[in-house]
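Q:
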Amino acid sequence: MVNFVGAGPGAADLITVRGMKLLEAADVIIYAGSLVNKELLGYASQDCEIYDSAKMTLEEVISVMERNRDKSVVRLHTGDPAVYGAIREQMDALDRLGIKYDVCPGVSSMFGAAAALKAEYTLPGVSQSVIITRMAGRTPVPEKESIESFAAHGATMVIFLSAGMLKELSKRLIDGGYAPQTPAAIVYKATHEDEKVIRTCVAELADAAAEHGITKIALITVGGFLEGSYDRSKLYDPGFSHEFRKGKE
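Reading the sequence shown from the start, the letters are residues 720 to 968 in this note's numbering.
#1: Would F963 be called buried (16 or more neighbouring beta carbons within 10 Å of its own) or exposed?
#2: Within the continuous alpha helix (DSSP H) that includes K886, where are the two ends?
#3: By how many angstroms is the C-alpha of D746 removed from the C-alpha of K886?
#4: Measure the C-alpha to C-alpha separation of K953 and S846 and round it to an integer number of angstroms.
#5: Taking buried to mean at least 16 other C-beta atoms within 10 Å of its own C-beta, is K965 buried or exposed?
#6: Is G831 closer than 7 Å to A676 when the C-beta atoms are compared?
#7: Does DSSP put K863 in a helix, in a strand, or in coil?
#8: Identify the continuous beta strand (DSSP E) that holds D821 and give its terminal residues.
#9: What is the rounded straight-line gap between the Cα of K672 and the Cα of A922?
#10: Between which residues of its own chain and A763 is the CB-CB distance below 7 Å, once the five residues before and five after are set aside?
#11: Do the CB positions of G825 and G943 come within less than 7 Å of each other?
#12: Should S827 go down as buried or exposed, given a rule of 16 or more other Cβ atoms within 10 Å for buried?
#13: Could you check the C-alpha separation between A929 and A834 for me, to the nearest Å?
#14: What would DSSP say about D771, mapped onto helix, strand or coil?
#15: Are the Cβ atoms of K935 and A855 separated by less than 7 Å?
#16: Using the beta-carbon count (16 or more within 10 Å), is S782 buried or exposed?
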């Protein structure tokens, strides 16, 4: 069995209990060494074989899984494997080989970033939608999913894998409809010991990142959720009735 496990956003104690137990029971661990906190390898047994996938191709990763098809293999991905984890191609390869697999979700770095910001992405009267996206790099983005088209909604945006392209990102966010002074934040290595939070605005993203020497491993968040007024939640409003409580008139 191969278990795809989400390592969480950074801090070693933010892996799920299930993920920790899978690491403890693993005969083989293949981890994303460029991003996963290496403290997590401390959960592995002394006899566990450990591979750093940062130095491997997809074919090499699958080869390790195939050689160990009768053992417990953990494929450890940063955050949650479903977001920019490239797990579909691995699962398809395992399907072709007849190797069983399962997925253990993890805490995405987008939620680690929200915790670092002490913010709520979905504020009533501000935004009830969160757009998760990235700038096009070596991996292209479909034309219909351009930054400009998403910015036109004015919703909360969480932008992955784009910290090295912030001047272009700012231009495209503004071209799409965000005002230059729209609140924005850069969260570097959310939940790690060397986490940094830089609050700025859309127009000044590139300058803020340069000032703090940030070029990678950072999430960009954009939207009114970062500051300003919002509406009170109806769920806890004294006058609002629902299944569990009758509202007061």
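Ideal Cβ placement from N, Cα and C applies to all residues, glycine included. Please read all numbers here as calculations on a predicted model, not as lab measurements.
A: According to the structure data:
#1: Exposed, because fewer than 16 other Cβ atoms sit within 10 Å of the Cβ of F963.
#2: 885-895 is the extent of the alpha helix (DSSP H) around K886.
#3: Our two residues, K886 and D746, have alpha carbons roughly 45 Å apart in a direct line.
#4: Each residue's CA atom was taken as its position, placing K953 and S846 some 15 Å apart.
#5: The residue in question, K965, is exposed, as its Cβ has fewer than 16 Cβ neighbours within 10 Å.
#6: Not covered by the structure: residue 676. The range shown for the chain is 720 to 968.
#7: K863: helix per DSSP, three-state reduction.
#8: In the DSSP annotation of this structure, the continuous segment of the beta strand (DSSP E) that includes D821 starts and ends at 820-823.
#9: Coverage of the chain is limited to positions 720 through 968, which leaves residue 672 absent and any answer about it impossible.
#10: So the qualifying residues of the chain are L742, A745, I748, I769.
#11: Against a cut-off of 7 Å, the Cβ pair of G943 and G825 comes out as no contact.
#12: Buried is the call here.
#13: Computed Cα separation, rounded: 23 Å.
#14: Strand.
#15: For K935 and A855, no; Cβs fall outside 7 Å.
#16: So S782 counts as exposed.
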